[in-house]
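2 protein chains.
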Amino acid sequence: MLAEIITIGDEILIGQIVDTNSAYISKELNRIGVQVYQITSIQDDRQHILRALEDAKKRADIVIVTGGLGPTKDDITKETFCEYFNDTLVESPEVLQNIQNIFSKYIKKKPLPANIRQAMVPSTAQVLQNPNGTAPGIWMEKDNTVFVSLPGVPYEMKHLLTDEVFPRIIKKYNRPYIYHKTLLTYGLGESAVAERIEEWEDNLPKNIKLAYLPSLGRVRLRLSSTGKDKDELEEAVNSKMNELRQLLDDIAVGFEDETNIVERIASLLTQRKQTLSLAESCTGGSIVKEITAIPGASAYLKGSVVPYETHKKVSVLGIDKTLIEQHTVVSAPVAQAMAKQANKLFETDYAVATTGIAGPTKGDGDDEVGTVFIAIASPMRVECQKFSFGNHRERVILKATNKALELLLKEILKN
Amino acid sequence: MLAEIITIGDEILIGQIVDTNSAYISKELNRIGVQVYQITSIQDDRQHILRALEDAKKRADIVIVTGGLGPTKDDITKETFCEYFNDTLVESPEVLQNIQNIFSKYIKKKPLPANIRQAMVPSTAQVLQNPNGTAPGIWMEKDNTVFVSLPGVPYEMKHLLTDEVFPRIIKKYNRPYIYHKTLLTYGLGESAVAERIEEWEDNLPKNIKLAYLPSLGRVRLRLSSTGKDKDELEEAVNSKMNELRQLLDDIAVGFEDETNIVERIASLLTQRKQTLSLAESCTGGSIVKEITAIPGASAYLKGSVVPYETHKKVSVLGIDKTLIEQHTVVSAPVAQAMAKQANKLFETDYAVATTGIAGPTKGDGDDEVGTVFIAIASPMRVECQKFSFGNHRERVILKATNKALELLLKEILKN
C-alpha cells in the first residue's frame, strides 16, 4: 500500500515557497496506514507533469497531486490530467454552484469568466467538492492506481484531504497499521547516544526500525513498525521504547507527537489553575508566540513583556538600575530579577525570563555572541542557567526558546 | 544547465520534518543561473537511492543530494554512493583532522568510533570540508553529471553550498542568467487581478513568463526570464514590470526579495532615528517576533507588551477600565488606547496594537472569531481598522501579523 505525492509549481523549484503540503499529507497518510514512497516537486509544464504521473503510477497505488488548479493561465494541471487520461473537460453543475455560493457569500461580486472556468472537470472524474475555495479536487483511476488532484492552498488542501480523500481511501483499500513512537532526548550528541544504545540497537527485532533525528541540542529517536495487528504492533514498539527510555533515562524528556512541549505546559498549568508570564529580551517574543499559538493559552497566560532596550528593563519591568550596572544586563542576577518582576507585574505563579546576545553584534553586554541566561521563577524559587548557543542569530533565538520551554516544563513537574 | 535535488530521509516521507533545504538550495542555484528541474524526496533505502541517482543523471547536469550522512546505522548515503560509483571508502586524513578539531574545541571529548568513521569517503571523491560539523560533503562525477552529497543539517549544508559547491559550479559551467522580479499586491483576488491585466499578459514576449502566487490576502506576481545578456534581460523584465505596476497601482505594495517588509520598516526607522513599540493581544507576540528576527532591531525597537488577560491591559498597559466596559475589549477605542499607551510606556514614536479573537473560542468579546482591530499610533495620529480574518486560529494570527506590518509601513511612509 504505497502512495506518492507530486507537488506542481515553478515557485517551489525556484525556492520562492517552501513545500509544506507534502509533510502534512505524508503525516496524515501515515496515520491511516498508507506509506509514502516518494515526494516529487515538478514544474508547471505539460511534459513534466505527464512523465511524473506515469513514473509514479509504476510504483504507487495512490498518487496525490497538489497545485496548478488556479484560475490563471499558468495553471495547467486539469488540462494535463485530461491528456493523461485521454478525457475532455466538462462543466460540473455542482462545482459551478459552489463557485457561485462562494462569490455571493464572501466576495459579494459575480464570478469572473476565469472563475466559471474552474467548474470544468474531466468527464470521468469524481469531483471532490471544495467548500473553502473555487478549485475542486478530482479523483481518477488508471490501471489500478488512483490519482487525486488537490488545490495547492494548504487550508483548502487539508480540508479536502480529510473530508473527501481519506474516506474514499479507507473504503477502497485494506491498509496495514503503521506505528511510530519518538523519544525526545537532549544534552547528548547523536553518536554518543548511538554508542550507549549500540547493543540494544543490534538486538532490535527485524520489524522494528530505529531512526536518529538530530536537531538543535536534541536527538529524537524514532521506533517504527508496520503490521496487521494494531495491538500487537503497539505492544512490541512500546515495550522496546520502554527499554530505550530506561537506557537514556538521564537525557529523555518525553515522547513526541503525544503532545508537544507547549501543550504539556498548558495542560499542567490549566489543571492546577496556575498562571504564567514572560519577560523576553534576547528571544524577542519568540517564546510567547509559541505559547499563544496553541488554543486555550488565555486559561493560564497572563501576559508577557519584551523590554528590548536595556533602560526599559528598569522603567517598564522595574529592575533595579544598580543591579544592571553591577552585573551588566546579560547576567544571571538580571535574568532572575526579570523573572521575579514578571511574576509581580502580571501576578503569576511562574515566569520565564531571557537575557542574552542573539547577535550578530554584541549589543550592551560584554559576553560573547550566543551567551543567553534563562531564568525560571516558580512559587518556590528562582533558578537561572547560562548557555552558549553559537554565533548564528536565528539559531540562538530558536535554541533559547526550546531550552526555556524545557526548563519551564521541568520546573513545573518538580512542584 | 539543469540541476536536480534529492533529499534523503524517512523523516521527510512520514512528515516528521518539513524539507526546507530544497527551497534554500533552489533559490541559491537560481541566483547563479542554474535552473532546478525537479526535487525528489526519498527513503534511507539503498535501492531507492540508486534509482533516484540514475533517474536524475538522465535529466540533469548537477545532482545535489542532502541527508543520510550522520554517524549512525540508518545513514547509508556514502555507502550507496560508493556502490553507484563502483568505488570504496577510504579514510581522509583532512576530514579526520577536522573531526578531531571539532571534538577538542566544542565537545571537549575524544571522538567516538562512530565519529571517526565519518572520515571515510569514496576514494575518487573530492572532499568538501565541513568546518561546522563532522560529516564532510563530497563531489563526484559520472557521465558528465556532477553528484554532490551534503549533510542534511541546514546550517552545515548552507555553508558547504556557498563556500565549496558554488565556486566549483561557477568554475566548471558557463551559466545563463536567470532573472525574477516579483510584485506584491494585496486587496484583490487572483482572478480579478488576472482579468484586469489579461490584455497586457497576452502581449508579453515569449521569453518572459508570468506566474501568480496567491497567499493570505495577497497575490504576488512574478516575471521570470532566462538569457545570456544580464543587462538586456533585466531591462526587458524591469520594463514589463513597470507596466504591470502601473496597471495595478492601487493594489501594489512593493517588490519582493529586494527587502522584506520588516527590513523596509527597520531601514526607514533607523535612518530617521525613530522608535517603535508594540502592544499585542490577539497576535500574542507574533509581530514582535518577526521584528526581532532581523538583526539590528535594537536600533529602533524599544519594547513590546502582550497584555493577554483583559485585566492586564488595565494594570500593565494603563488602559482606562471604563473604556473596556463601554466598548468591550475587542474594539477600535481599546486598540487605539493600547497603541497610545504603548508609545507612552516605551517612550516611542510609533506603536502597533492588536486586539481580537483568534479563536477557536470567542474569549472575552462579543464579536465573531476572526475579528481583529489593528491600531497604528504615529507621531501625528492614531488610526485603527477592523478586519475579519476567518475562523482558523493560525491563519488569523498570521493574517493579522502581515496586515499590521503593512499598515505600519504605510503609516511610516506617509510621514
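Just so you know, the sequences run in chain order P and Y.
Terminal number for the first sequence in UniProt numbering: 415, no gaps in between.
Terminal number for the second sequence in UniProt numbering: 415, no gaps in between.
C-beta atoms are modelled at their ideal positions from N, C-alpha and C, and glycine is treated no differently.
Over what stretch of residues does the alpha helix (DSSP H) that includes residue i continue unbroken?
i	result
P:M338	332-346
P:C282	Segment: none, P:C282 is in no alpha helix (DSSP H) and carries neither H nor E.
P:I107	It is not in any alpha helix (DSSP H) - P:I107 carries neither H nor E in the DSSP assignment.
Y:T401	393-414
P:V193	190-196
P:L128	First-last for P:L128: 126-128, but that is the beta strand (DSSP E), not the alpha helix (DSSP H).
Y:T322	321-327
Select from the options the residue whose C-alpha is nearest the C-alpha of residue i.
i	options	result
P:I265	P:E198, P:K410, P:R220, P:L184	P:K410
Y:Y350	Y:G359, Y:T162, Y:A358, Y:K340	Y:K340
Y:K109	P:P136, P:F166, P:L188, P:K27	P:L188
P:F373	P:R175, P:V329, P:T162, P:K362	P:V329
P:P360	P:A114, P:G390, P:A252, P:K142	P:G390
P:L53	P:Y84, P:N132, P:E243, P:S191	P:Y84
Y:N343	Y:A358, Y:S239, Y:A377	Y:A377
P:Y24	P:K58, P:A125, P:I62, P:M157	P:M157
Y:S239	Y:K289, Y:H180, Y:Q274, Y:K228	Y:H180
Could you tell me which residues DSSP puts in a beta bridge with residue i?
i	result
Y:M140	Y:F147
Y:P214	Y:V219
Y:E4	Y:Q38, Y:V63
Y:K209	Y:S224
Y:T355	Y:F373
P:M120	P:E91
P:K26	Checking the sequence, you will find Ser at residue 26 of chain P rather than Lys. Bridge partners of P:S26: none, in fact.
Y:S304	P:V306, Y:L278
Can you say whether residue i is buried or exposed, counting buried as having 16 or more other CB atoms within 10 angstroms of its CB?
i	result
P:V90	exposed
P:K206	exposed
Y:T80	buried
P:K230	exposed
Y:N203	exposed
P:R31	exposed
P:A279	buried
Y:T310	buried
P:K414	exposed
P:G152	buried
P:G296	exposed
Y:R222	buried
Y:A299	exposed
Y:T7	buried
P:R393	buried
P:S104	exposed
P:M380	exposed
P:I170	exposed
residue 417 of chain Y	Because chain Y here runs from 1 to 415, residue 417 of chain Y falls outside it and cannot be looked at.
Y:S191	buried
Y:D250	exposed
P:T77	buried
Y:N402	buried
P:T88	exposed
Please report the residue range of the beta strand (DSSP E) in which residue i lies.
i	result
P:I17	Unbroken run through P:I17: none, as it is neither H nor E.
Y:F373	371-377
Y:I219	Note on identity: in this sequence residue 219 of chain Y is Val, with Ile being the wrong assignment. That run of the beta strand (DSSP E) goes 218-227.
Y:L184	177-186
Y:G388	Residue identity differs from the one stated: residue 388 of chain Y is Ser in this sequence, not Gly. Where Y:S388 is concerned, the enclosing beta strand (DSSP E) stretches over 382-388.
Y:R252	With the sequence shown as reference, residue 252 of chain Y is identified as Ala, and Arg is not the correct amino acid for it. Where Y:A252 is concerned, the enclosing beta strand (DSSP E) stretches over 252-255.
Y:S267	Segment 261-272 is the alpha helix (DSSP H) holding Y:S267; no beta strand (DSSP E) there.
Is the Cβ-Cβ distance between residue i and residue j less than 8 Å?
i	j	result
Y:A332	P:E11	no
P:V237	P:T185	no
Y:E4	Y:Q38	yes
P:G137	P:L112	no
P:T283	P:I397	yes
Y:R395	P:Y106	no
Y:V369	Y:T355	no
Y:A252	Y:L183	yes
P:L150	P:T72	no
P:G70	Y:P167	no
Y:V121	Y:V146	no
Y:I64	Y:V193	no
Y:V305	P:G318	no
Consider the C-beta atom of residue i and the heavy atoms of the ligand ATP; say whether any pair is separated by less than 7 Å.
i	result
Y:V316	Here there are no bound small molecules, and the ligand ATP is not part of this structure.
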